[in-house]
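>
Residue numbers (the numbering used here), protein chains in the order written: chain A, 1312 to 1602; chain B, 1312 to 1602.
1. Measure from the alpha carbon of residue 1561 (chain A) to the alpha carbon of each residue in A:1548, A:1551, A:1478, A:1522, then state which is nearest.
2. Using the Cβ count rule (16 or more neighbours within 10 Å means buried), how would you classify residue 1478 (chain B)?
3. Around the Cβ of residue 1414 (chain A), are there at least 16 other Cβ atoms within 10 angstroms (buried) or fewer (exposed)?
4. Are the CB atoms of residue 1539 (chain B) and residue 1575 (chain B) within a distance shorter than 8 angstroms?
5. Using C-beta distances below 7 angstroms, list every residue in its chain close to residue 1419 (chain A), excluding the 5 sequence neighbours before and after it, in chain order.
6. Give the list of continuous alpha helix (DSSP H) stretches no shorter than 4 residues that lie fully inside the region 1386 to 1465 of chain B.
7. Mind checking whether residue 1571 (chain A) and residue 1461 (chain B) have CB atoms under 8 angstroms apart?
8. Suppose you measure from the CA of residue 1446 (chain A) to the CA of residue 1482 (chain A); what does that come to, to the nearest Å?
9. Return the bridge partner residues of residue 1542 (chain A) from the DSSP annotation.
10. Using 8 angstroms as the limit for Cβ to Cβ distance, is residue 1478 (chain A) near chain B?
11. Quick check on this structure: which residue in A:1392, A:1369, A:1395 has the alpha carbon closest to the alpha carbon of residue 1386 (chain A)?
12. Enumerate, from N- to C-terminal direction, the unbroken alpha helix (DSSP H) stretches of 4 or more residues contained entirely within the region 1529 to 1573 of chain A.
13. Spatial neighbours of residue 1432 (chain B) within its chain, please: C-beta separation below 6 angstroms, excluding the five flanking residues on both sides.
14. Per the contact definition of three or more C-beta pairs closer than 8 angstroms, is the region 1396 to 1415 of chain A in contact with the region 1496 to 1514 of chain A?
15. By Cβ distance, which residues of its chain are closer than 8 angstroms to residue 1529 (chain A), with the 5 residues on each side in sequence left out?
16. Residue 1394 (chain B) to residue 1318 (chain B), Cα distance in whole Å?
17. For chain A, is any of its Cβ atoms less than 8 angstroms away from the one on residue 1485 (chain B)?
18. Indicate whether residue 1546 (chain B) and residue 1444 (chain B) have their beta-carbon atoms separated by less than 8 angstroms.
19. What residue range is occupied by the uninterrupted beta strand (DSSP E) comprising residue 1345 (chain B)?
20. Nearest by alpha-carbon distance to residue 1411 (chain A): which of A:1398, A:1430, A:1360 is it?
21. For residue 1429 (chain A), which option in A:1535, A:1323, A:1587 has the closest C-alpha, if you only look at C-alpha atoms?
22. Relative to the C-alpha of residue 1567 (chain A), which candidate in B:1376, B:1495, B:1434 has its C-alpha closest?
23. For residue 1417 (chain A), count the other beta carbons within 10 Å of its own beta carbon; 16 or more makes it buried, fewer makes it exposed. Which is it?
24. Answer yes or no: does any C-beta atom of chain B fall closer than 8 angstroms to that of residue 1541 (chain A)?
25. With 9 angstroms as the C-beta to C-beta threshold (strictly closer), list the residues of the region 1521 to 1538 of chain A near chain B in chain order.
26. Taking its Cβ as the centre, do 16 or more other Cβ atoms sit within 10 Å of residue 1397 (chain B), making it buried, or is it exposed?
27. For residue 1489 (chain A), name the three-state secondary structure that DSSP assigns.
28. Is there at least one Cβ from chain A nearer than 8 angstroms to residue 1401 (chain B)'s Cβ?
29. Whose C-beta lies closer than 8 angstroms to the C-beta of residue 1353 (chain A) among residues of the same chain, with five residues either side of it excluded?
30. Nearest to residue 1553 (chain B) by CA position, among B:1496, B:1577, B:1372, is which residue?
31. Ends of the alpha helix (DSSP H) at residue 1316 (chain B)?
32. How would you list, in chain order, the residues of chain A whose beta-carbon sits under 8 angstroms from the beta-carbon of residue 1567 (chain B)?
33. What residue range does the alpha helix (DSSP H) around residue 1327 (chain A) cover?
34. Would you give the residue range spanned by the beta strand (DSSP E) that residue 1593 (chain B) belongs to?
35. Indicate whether at least one CB of chain B lies closer than 8 angstroms to the CB of residue 1373 (chain A).
In C-alpha cells form, the structure reads like this:
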C-alpha cells in the first residue's frame, strides 16, 4: 500500500489552488481553477482529489468564514461579497465527498501557518503574515495557535493615517480609506490608471504605498509584538518595496520599541508562492493528530 | 501552620499597590506607596511582604520591561522615561529578599489577567484590557496565555486618525498624536485646561475622546478578534463614555464584522479597582504550577 497523502485547498478570491503532498510537506502536485461559483468550481476540486489516496485535507478559504467549531454554520463561507459563495457549506461539501479529517481556516491563516512551520517563522514562536494583493488580509500565529476569538482577524481593514500627498478617496466598500482601501492592488491601479506591475520603481506612488504598509507593520508590532512580520502578495513582488517599508517603519516607531533588526523582522515570504499550500498541508497533518 | 498566601505587586507609574490574598483570589490586605525611586519604594514593598508567610508573588510592572526568560536582563524594567527605574532588576531584587516563585509581566497584562480569570473574561477564551489614564496601555490574553512575541504589546501607541474637530498636537514624546498622545488623561487636560473629572458630560471633548477610544476598539477587533474588550483606567470612570464609544465603534466598523452584542463586547472592568491585584495573585498561583 502506498503512503497516504495530505490534501490542500487554497480557496482564494480569484483562484482555487489544490495540491497534494507528503508528511514532510513536499508538494507532489498542484493545480489551479478559477473561482467562479460552487457549482462550477467544486466539481473540479472533487475530481482532482479523487485521484489520490488521502488521509486529511487542509482548507484555507477566502472569507469571512465561520471557524467556531460549536457553531451551526461552522465550515461555511459567510457574508462574502461573492454572492454565489454566500453561506456556502465548504467543509460540509468536502465531508460529503471525502470522509476525512478536514482543517478549516482563512487563506491568510493558512499562508501564515506555512511560513510558520517551514518558512520565515520556522524557528520562532510567533509570526504574522500579510498578503497585499487584490485585497489585504493577514493571519497571526503564536506558539502554534492562530490568534482568534469571536472570529478570525480582518487586519486588512485597520485604520491608516492618510499620506499627506495622497488625495485618493480609498476603495473599500465598507470603510473607504482603511488599509485595504488605500493599499491593495486596485487602489494602486485606480490612482495610477494602470496596474502596479506596469509602473516604474521611481513612481511616487510606491512611497505612498510603503507608508501604508509600514503603518500595518507598526500597528502589528504594537498590538501583537510578533517575532517576525511577513509581507507577501502581488504588490510585494515589487522587490524595491521592502526597503521603503523599513524606512517608513523606522520613522513611525521613532525608537520607542526595540524590535529585532528590521531585515529579519519585516520580511517577504521564504516559500515564494507556496506558503498557502504548505500551510494547508501542515494543517491537514495537525488535524489528524487532533481528530 | 496557617495557609501560605499569594503576594501581588502592581507597580504603576504613580503608585505601587501591594497585596496579599488566598488561592481563591480573595484579597486579604492591600496597601499602596508612591512610585518614587527604587531606593525609597522597594524597602516599603519588602517590609510589607515580610509580615506574611508567602508561597509566590506576582508582579505587574510599568514598562517597558524584559519578559524574555532566556534574556540576561529578564525581570528588568528597561527603557522607561522614569530615570531612577531604568535597567532596574525588579525580579532580581525580589528574589534576593524572597526565595519564591515570582511571576513577572506588565501592569496591563496583570489587569487583563485579573479580568480574564475573575471578571468580564471569566467564561470566555480571550480578552483585551485597556487602561486609559495617565497613559494608555493594554494587555491581551488568548486561552490563558498573554499575546506576546519579541516583547510585550504597547497598544497605547497605535496610530489613530485625527478627529476633524481636534486641533490638539498630541503629547506623546515619541509619536505626538498616537492613541496615548491624543486620548490619555494629560491630553484631555492640555486641551481643556483642567482635569477630565472637572469637565461636564456635555463638553464636546468627550466625543473626540470616544472617537479615539473607538478606534482602539476597532483596530483591536480587526487584529485580535477577542471575545471581549475591556476599557478601564481613570478616563473610563466617566461613565457616560461607554455609550459614546459604542456609537463611534458602530460607525467605524460599518457592519463589516459581526461582533458580539456591543454591550457585552466593549465593556468596563467588572473588578473595579482590583483587576491588577487579582491578576497578580492569579499569576503568582499559576507560577507555582510551572515552577
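Here a beta-carbon is modelled for each residue, glycine too, at the ideal position from N, C-alpha and C.
Only a predicted model underlies this, so the values are computations on that prediction, with no experimental measurement involved.
Looking at the coordinates:
1. Checked all of A:1548, A:1551, A:1478, A:1522; the closest Cα to residue 1561 (chain A) is A:1522.
2. By the 10 Å Cβ count, residue 1478 (chain B) comes out exposed.
3. buried
4. Going by C-beta atoms, residue 1575 (chain B) is nearer than 8 angstroms to residue 1539 (chain B).
5. Answer for residue 1419 (chain A): 1440, 1442, 1448, 1449, 1450, listed in chain order.
6. 1401 to 1408, 1418 to 1429
7. yes
8. 11 angstroms
9. A:1441
10. no
11. A:1369
12. 1552 to 1564
13. 1426, 1438, 1539
14. Three or more beta-carbon pairs separated by less than 8 angstroms are not found between the region 1496 to 1514 of chain A and the region 1396 to 1415 of chain A, which leaves the two stretches without contact.
15. These residues qualify, in order along the chain: 1560, 1563, 1564.
16. 27 angstroms
17. yes
18. Cβ atoms of residue 1546 (chain B) and residue 1444 (chain B): closer than 8 angstroms.
19. Per DSSP, residue 1345 (chain B) belongs to the beta strand (DSSP E) from 1338 to 1345.
20. A:1360
21. A:1587
22. B:1376
23. buried
24. no
25. Of all residues in the region 1521 to 1538 of chain A, 1526, 1529, 1530, 1531, 1532, 1533, 1534, 1535, 1536, 1537, 1538 have a Cβ within less than 9 angstroms of some Cβ in chain B.
26. exposed
27. Residue state, collapsed to three classes: coil.
28. no
29. 1404
30. B:1577
31. Looking at the DSSP string, residue 1316 (chain B) is not in any alpha helix (DSSP H); the run it does join, the beta strand (DSSP E), is 1316 to 1322.
32. Going along chain A in sequence order, the residues near residue 1567 (chain B) (Cβ under 8 angstroms) are 1465, 1468, 1485, 1486.
33. That residue, residue 1327 (chain A), is in no alpha helix (DSSP H); its beta strand (DSSP E) goes 1326 to 1332.
34. Residue 1593 (chain B) -> not in any beta strand (DSSP E); alpha helix (DSSP H) instead, spanning 1586 to 1600.
35. Not a single CB atom of chain B sits nearer than 8 angstroms to the CB of residue 1373 (chain A).
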